[in-house]
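Engineer: One structure follows; several queries about it will come next.
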């Protein structure tokens, strides 16, 4: 299988399909590059080269005990880009992967990035602090940590079958396949990486990264996102990126890339082509 070894010796798994203009995908917590399959297949069939990697400690990448922070995540993405010689890349990130995109573009993307897409993404800062009073209380993320540490398997089933995909809403069209695929990806990764990754996506302040992004950027967010509420994420982030647009989807969930793939794919393609 294709791997690249990072500067600190971590083997990162990646997919590299098709040819043409490259589009690179950065997955959310606690998943893997498989979370993007609906987008990867959609774009590769339309003449694009698609690249997606498993974050360290996630999926098929090495389950190392160090480096579970946004600086390392961004550097790992840069290692994949350099290994494949990618340029003029559109980078697409979901949830924690949106934070990874912001940090990668700000710190490693000079001369290589064409556009950025942040989908249901965590920037600028999720946790509540004195300077971010509208953020979520740290107890929310402590609950995530407790779930991972005690009964990770059941915790992941509860997330996937409930708030992540909006399946807890009245009248929701529940997909057992989507639930099981989410659980499968989560359980393939390292419990330690997932536990420490909660702090990485919730406590990292991406404000300066967003301000440093100088390429066209599209933010996509559902207004019924129960995991990353839109008010203190996309609605704030769009004001910090110089060339950014925000598209809000009424009633859509955090997991819209799976539940509403057709809608997301169409808007993603339009932005890539624009």
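In UniProt numbering, the protein residues as written are 1 to 274.
For each residue, glycine too, the CB sits at the ideal point set by N, CA and C.
Please read all numbers here as calculations on a predicted model, not as lab measurements.
Taking the runs of the beta strand (DSSP E) that are 3 residues or longer, which of them lie wholly in the stretch 85-160?
Structural biologist: Listed in chain order, the complete beta strand (DSSP E) runs (minimum 3 residues) inside the stretch 85-160 are 89-94 and 113-119.
Engineer: Evaluate residue 1 with the Cβ neighbour count: other Cβ atoms within 10 Å of its Cβ, from every protein chain shown; 16 or more gives buried, anything less gives exposed.
Structural biologist: Translated into the one-based positions of the chain shown, residue 1 becomes position 1. It counts as exposed.
Engineer: Please name the residue or residues paired with residue 22 in a DSSP beta bridge.
Structural biologist: Taking the chain shown and counting its residues from 1, one reaches residue 22 at position 22. Its beta-bridge partners are 49.
Engineer: Could you name each continuous beta strand (DSSP E) segment of 3 residues or more that falls completely within the stretch 175-260, going from the start of the chain to the end?
Structural biologist: Those beta strand (DSSP E) runs which fall completely within the stretch 175-260 and span 3+ residues are 217-222 and 244-249.
Engineer: Residue 146: which of 126, 199, 183 and 113 sits nearest, CA to CA?
Structural biologist: Start at 1 with the first residue of the chain shown, and residue 146 comes out as number 146. The candidate whose alpha carbon is nearest that of residue 146 is 199.
Engineer: For the pair the stretch 235-245 and the stretch 207-222, tell me if three or more CB-CB distances fall below 8 Å.
Structural biologist: They touch, by the three-pair rule.
Engineer: With DSSP as the reference, label residue 271 as helix, strand or coil.
Structural biologist: In the chain shown, residue 271 corresponds to position 271, counting from 1. Looking at residue 271 - three-state DSSP - the assignment turns out to be helix.
Engineer: Compute the distance between the beta-carbons of residue 125 and residue 260, then report whether it is under 9 Å.
Structural biologist: The count along the chain shown starts at 1 and reaches residue 125 at position 125. The count along the chain shown starts at 1 and reaches residue 260 at position 260. Going by C-beta atoms, residue 125 is not nearer than 9 Å to residue 260.
Engineer: For the ligand MN, I want to know if residue 152 counts as a neighbour, meaning its beta carbon is within less than 8 Å of at least one of the ligand's heavy atoms.
Structural biologist: What this structure holds is no ligand at all, so the ligand MN is not there to describe.
Engineer: Can you list, in chain order, the residues of its chain with a C-beta nearer than 6 Å to that of residue 83? Leave out the 5 residues immediately preceding and following it.
Structural biologist: Residue numbering aside, residue 83 sits at position 83 when the chain shown is read from its first letter. Once the five neighbours on either side are set aside, the close Cβ partners of residue 83 are 4.
Engineer: For residue 94 versus residue 17, is the C-beta spacing smaller than 9 Å?
Structural biologist: Mapped onto the chain shown, residue 94 falls at position 94. Mapped onto the chain shown, residue 17 falls at position 17. Contact: no.
Engineer: Taking the alpha carbon of residue 131 as the reference point, which residue from 213, 28, 203 and 57 has its own alpha carbon closest?
Structural biologist: For the purposes of this step, residue 131 is identified with residue 131 of the chain shown, where counting begins at 1. It is 203.
Engineer: Terminal residues of the continuous beta strand (DSSP E) containing residue 42?
Structural biologist: Your numbering for residue 42 matches position 42 in the chain shown. No beta strand (DSSP E) holds residue 42; the alpha helix (DSSP H) holding it covers 37-44.
Engineer: Could you pull out every residue in the same chain whose Cβ sits closer than 6 Å to the Cβ of residue 103, ignoring the five residues on either side in sequence?
Structural biologist: Taking the first residue of the chain shown as position 1, residue 103 is located at position 103. Hits under 6 Å: 70, 74 and 209.
Engineer: With a Cβ-Cβ cutoff of 9 Å, do residue 303 and residue 272 count as a contact?
Structural biologist: Here the chain covers residues 1 to 274 and nothing more, so residue 303 does not appear.
Engineer: May I have the straight-line CA-CA distance separating residue 60 from residue 31, to the nearest angstrom?
Structural biologist: What you label residue 60 is simply residue 60 of the chain shown in a count that begins at 1. What you label residue 31 is simply residue 31 of the chain shown in a count that begins at 1. Looking at the two C-alpha atoms, the distance is approximately 11 Å.
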